[in-house]
Amino acid sequence: MTDPKPRLLPSALPPGEAELAEWQALSRKEQLACYRAALLHPDCLRISTATMSDILAEARRRARHDRRTD
């Protein structure tokens, strides 16, 4: 099995076409390894009351801010 680059999941934003194709090219075993790596990330150990909708709204706010500062 190759050592896939873990993608931190879940994401508030949908994957791009290239990311989706890369994910679908992985075997089931490699996909599970990515999920396990993501779930072991320190950010997954933090407790938050934020919902996925809250996270998406914050991501959009940051994207708008980043576009204005470029």
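Numbering of the sequence shown is given in this note's numbering, commencing with residue 1342 and proceeding in unit increments.
Glycine included, each C-beta is placed from N, C-alpha and C at the ideal position.
Note that this is a predicted model, so its numbers are computed, not measured.
Taking Cβ to Cβ, would you say residue i is nearer than 9 Å to residue j?
| i | j | result |
| --- | --- | --- |
| L1361 | A1400 | no |
What span of residues does the alpha helix (DSSP H) with residue i cover, start to end?
| i | result |
| --- | --- |
| S1368 | Where S1368 is concerned, there is no enclosing alpha helix (DSSP H), given that its DSSP letter is neither H nor E. |
| S1394 | M1393 to T1410 |
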